[in-house]
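**Student:** Chains as they are written, first to last, in our numbering: chain A, 37 to 147; chain B, 30 to 141. Note that CB positions come from ideal geometry on N, CA and C, so glycine has one too. Being a predicted model, the structure only gives us computed values, none of them experimental.
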Amino acid sequence: GIQVEQSPPDLILQEGANSTLRCNFSDSVNNLQWFHQNPWGQLINLFYIPSGTKQNGRLSATTVATERYSLLYISSSQTTDSGVYFCAVLNDYNQGGKLIFGQGTELSVKP
Amino acid sequence: NAGVTQTPKFQVLKTGQSMTLQCAQDMNHNSMYWYRQDPGMGLRLIYYSASEGTTDKGEVPNGYNVSRLNKREFSLRLESAAPSQTSVYFCASSEDDRYEQYFGPGTRLTVT
Chain A
37 GIQVEQSPPD LILQEGANST LRCNFSDSVN NLQWFHQNPW GQLINLFYIP SGTKQNGRLS
97 ATTVATERYS LLYISSSQTT DSGVYFCAVL NDYNQGGKLI FGQGTELSVK P
Chain B
30 NAGVTQTPKF QVLKTGQSMT LQCAQDMNHN SMYWYRQDPG MGLRLIYYSA SEGTTDKGEV
90 PNGYNVSRLN KREFSLRLES AAPSQTSVYF CASSEDDRYE QYFGPGTRLT VT
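(1) Rounded to a whole number of angstroms, what is the C-alpha to C-alpha distance between Glu81(B) and Tyr62(B)?
(2) Would you verify that the beta carbon of Asn127(A) is, or is not, closer than 7 Å to some beta carbon of chain B?
(3) Report buried or exposed for Ala111(B), applying the criterion of at least 16 other Cβ atoms within 10 angstroms of its Cβ.
(4) What is the residue span of the beta strand (DSSP E) that Met61(B) lies within?
(5) Buried or exposed: which applies to Gly138(A), given that a residue is buried once 16 or more other Cβ atoms fall within 10 Å of its Cβ?
(6) Please name the residue in Leu135(A), Val145(A) and Ala124(A) whose C-alpha comes closest to that of Tyr77(B).
(7) Could you check whether the stretch 61 to 70 of chain A touches the stretch 81 to 101 of chain A, counting it as contact only if at least three pairs of C-beta atoms, one from each stretch, sit closer than 8 Å?
(8) Examine chain A for any beta-carbon lying closer than 7 Å to the beta-carbon of Phe11(B), and answer yes or no.
(9) Can you name the start and end residues of the beta strand (DSSP E) that Trp70(A) belongs to?
(10) Give me the subset of the stretch 85 to 115 of chain B whose CB atoms are less than 9 Å from a CB atom of chain A, sorted by chain position.
(11) Please identify the residue among Val145(A), Ser111(A), Ala53(A) and Leu107(A) whose C-alpha is closest to the C-alpha of Tyr84(A).
(12) Would you say the beta carbon of Met70(B) is closer than 6 Å to some non-hydrogen atom of the ligand GTP?
(13) Here's the rule I'm using: 16 or more other beta-carbon atoms within 10 Å means buried, otherwise exposed. How should Glu129(B) be labelled?
(14) Just reading off the beta strand (DSSP E) that Leu50(B) is part of, what are its end residues?
(15) Assuming Phe61(A) contacts Val125(A) under a Cβ cut-off of 8 Å, what Cβ separation, rounded to an integer in Å, is found between them?
(16) Please confirm whether Glu81(B) has its beta-carbon closer than 7 Å to some beta-carbon of chain A.
(17) Return the residues of the stretch 55 to 77 of chain B that lie within a Cβ-Cβ distance of less than 7 Å from chain A, sorted by chain order.
(18) According to DSSP, is Asp128(A) part of a helix, a strand, or is it coil?
(19) Between which residues of its own chain and Gly88(A) is the CB-CB distance below 7 Å, once the five residues before and five after are set aside?
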């Protein structure tokens with residue numbers, strides 16, 4: 037099956053710094069989502085981005101489907117950005133929308 | 030519009046006890062999913078339902094049963110709980126055309 041690898045596994049930033057999180061996948065995908073799991077455990081949808089570039093405030097994401105990777109950019113980080121960021125992909129509509137998750141990048145933003 | 034809701038939020042069971050986790054969505058989505066999340070393992074799919082009346086196994090279905098009661102509700106049942114089922118359980122739903130998934134708040138289950 038498809039493999040999803042995220043890097044780095046852990047990241048510590050000072051408030052105000054920028055960061056880039058990467059998601060590599062081993063096969064073509066129909067869908068790709070980025071999630072933020074906050075310290076309370078909630079999974080929050082950030083982007084639905086099977087291809088192209090999207091921006092939402094200080095966050096933006098780019099997926100280059102032909103090269104099988106996606107990047108999540110966080111600018112001017114804040115302590116509330118702390119948590120785990122997951123990339124998840126769907127590569128077969130015949131499997132009813134089954135998402136395959138990466139292991140996540142744990143981000144800690146220090147004041 | 031509450032999105033995806035789950036009950037209970039927390040549960041402690043003894044080995045061998047049974048329980049049902051409830052999930053409901055109000056977004057008129059056809060597809061619904063149950064995942065478990067364990068430390069260092071990411072999220073893994075237990076079961077999913079592409080439409081009312083259909084269910085299919087995911088990556089880790091052993092020890093679980095599901096029921097798609099109607100379009101809104103999808104329940105997960107543990108018939109005889111084991112300590113290995115200690116985990117956080119998430120329910121999700123999606124539309125068919127995009128399969129963009131939306132998650133509930135989770136149920137933290139401990140089996141002693």
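**Tutor:** By the coordinates alone:
(1) 12 Å
(2) no
(3) exposed
(4) Ser60 to Asp67
(5) buried
(6) Leu135(A)
(7) yes
(8) The question about residue 11(B) has no answer here: the residues shown for chain B are numbered 30 through 141.
(9) Asn67 to Gln73
(10) Asp85, Gly87 and Glu88
(11) Leu107(A)
(12) In terms of ligand content, the structure shown is empty, and the ligand GTP therefore cannot be addressed.
(13) buried
(14) Met48 to Gln54
(15) 5 Å
(16) no
(17) Ser60, Gly71, Leu72, Leu74 and Tyr77
(18) coil
(19) Thr99
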